[in-house]
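Just so you know, the protein sequences line up as chains R and P, in that order. Take the first sequence: its position 95, counted from the start at 1, is 185 in my numbering, and no numbers get skipped. Take the second sequence: its position 124, counted from the start at 1, is 214 in my numbering, and no numbers get skipped.
Protein chains: 2
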Amino acid sequence: MTKRLCLSPAEIEQKLNDAGVQPTLQRIAIFRHILCEADHPTADQVREWAEKNLDKISQATVYNTLGTLVEAGLLQALRLPHSDKVIYDHNIEDHHHFLDEKSGRLYDLPEEDVEVTYKLPKKFRAHRVDVVVKGRVE
Amino acid sequence: MTKRLCLSPAEIEQKLNDAGVQPTLQRIAIFRHILCEADHPTADQVREWAEKNLDKISQATVYNTLGTLVEAGLLQALRLPHSDKVIYDHNIEDHHHFLDEKSGRLYDLPEEDVEVTYKLPKKFRAHRVDVVVKGRVE
DNA sequence: TTCTAGAGTTAGAATAATTCTAAACGTAGA
DNA sequence: TCTACGTTTAGAATTATTCTAACTCTAGAA
Ligand SMILES: [Mn+2]
Ligand SMILES: [Mn+2]
Ligand SMILES: [Zn+2]
Ligand SMILES: [Zn+2]
């Protein structure tokens, strides 16, 4: 369901370079973690993983890195109704989400599986629509 | 566009009683403010108004009151992608929103003006869909 | 190679939103 | 009138995130 781009550190480094982001060790590791292993993690979940798996890293670096990756268009930052934490999404295509209200887990819904039609007042110009379907996974 | 239920304090008191919420002065005033005057306010905007317009009120009471009104089903709490603040909505019917990304202002979109169709994986059971249309008001 | 300016990282403090604590207060009903 | 319980309060605590200012690294320039 989720597109997972599992790349080697060298390929990650290339992607960072292409995006104009200096590929530091911390950025390579965090970006690869989110691309390959993590599922819609929060900053704090990334920090937990990083503290276990990298030599030493500060909270500020985790936030800085996530912010840098989002600014560079390599990650999306999401805010969902059930939580006050920002969620980082390696899926940067326009897409929608299903929220399992029991577990709090988020699932991607491909753009083409969701159709939205709407009528807006005159003078309202839309340039994006976000859909969150809430429910349960049985 | 937004349904505005402008009621007298006595009518507000009745609504609170009906919902099983003791109609204290603070609750009546805040609930009436959100029903009649405020447009998708944050807790802090409610606090600002309350400090100006009520004899004395604490921040905790504002949060307590908003929480109580949401629990009683008299307000909706919203979390939107552009802000980390909870937004309180007197419109408790299912409805959608338009976010003016320039001003940050939220507009209600009636349920019937938005149509969503989606295809979910087996075992996914939806019980609500939230749509946020983002764009500009010219 | 060495130098160096700018970019990145860091610990810790600061800020912002919200919640908690424990005492004081008010009020509905016995 | 009394009292139990719900409500309000000031202030502290918590949580998520950002800022500060010093230290460190690294990409080029020389
Ligand atoms: Mn509204
Ligand atoms: Mn916060
Ligand atoms: Zn996603
Ligand atoms: Zn609304």
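All C-beta atoms, glycine included, are put in the ideal place defined by N, C-alpha and C.
{"query": "Terminal residues of the alpha helix (DSSP H) in which H123(P) lies", "result": "L115 to C126"}
{"query": "Terminal residues of the beta strand (DSSP E) in which H224(R) lies", "result": "Rather than His, the amino acid found at residue 224(R) in this sequence is Lys. Run containing K224(R): F214 to V227, per the beta strand (DSSP E) assignment."}
{"query": "Any non-hydrogen atom of ligand 4 closer than 6 Å to D269(P) Cβ", "result": "The displayed coordinates of chain P run from 91 to 228. Any statement about residue 269(P) would go beyond what the structure contains."}
{"query": "Assigned exposure category for R218(P) - 16 Cβ within 10 Å defines buried", "result": "exposed"}
{"query": "Pair within 7 Å by beta-carbon distance, H186(R) and I124(R)", "result": "no"}
{"query": "Inter-residue CB distance, L199(P) and F188(P) (contact presumed, cutoff 8 Å)", "result": "6 Å"}
{"query": "In DSSP terms, what R169(P) is bridged to", "result": "V176(P)"}
{"query": "Cβ-heavy atom distance, D184(P) to ligand 4, below 6 Å", "result": "no"}
{"query": "Touch test, the segment 161-175 of chain R against the segment 160-176 of chain P, Cβ-Cβ under 8 Å, three pairs minimum", "result": "yes"}
{"query": "Extent of the continuous alpha helix (DSSP H) to which E138(R) belongs", "result": "A133 to N143"}
{"query": "Contact set between the segment 128-155 of chain P and chain R, restricted to residues whose Cβ is under 9 Å from the partner", "result": "none"}
{"query": "is_contact[V223(R), chain P] using C-beta, thresh 7 Å", "result": "yes"}
{"query": "Closer than 7 Å to chain P by CB, P99(R)", "result": "no"}
{"query": "According to DSSP, residues forming a beta bridge with H187(P)", "result": "D198(P) and V222(P)"}
{"query": "Boundaries of the alpha helix (DSSP H) in which V204(P) is found, first to last residue", "result": "Not the alpha helix (DSSP H): V204(P) falls in the beta strand (DSSP E), residues V204 to Y208."}
{"query": "Span of the alpha helix (DSSP H), counted from its first residue to its last, around A100(R)", "result": "P99 to D108"}
{"query": "Top-ranked residue by Cα proximity to L210(R), from P211(P), Y208(P), K209(P) and D190(P)", "result": "D190(P)"}
{"query": "Among K224(R), E201(R), G157(R) and V222(R), nearest to E183(R) - alpha-carbon criterion", "result": "E201(R)"}
{"query": "Reference K213(R), options Y178(P), H130(P), A109(P) and Y197(P), closest by Cα", "result": "Y197(P)"}
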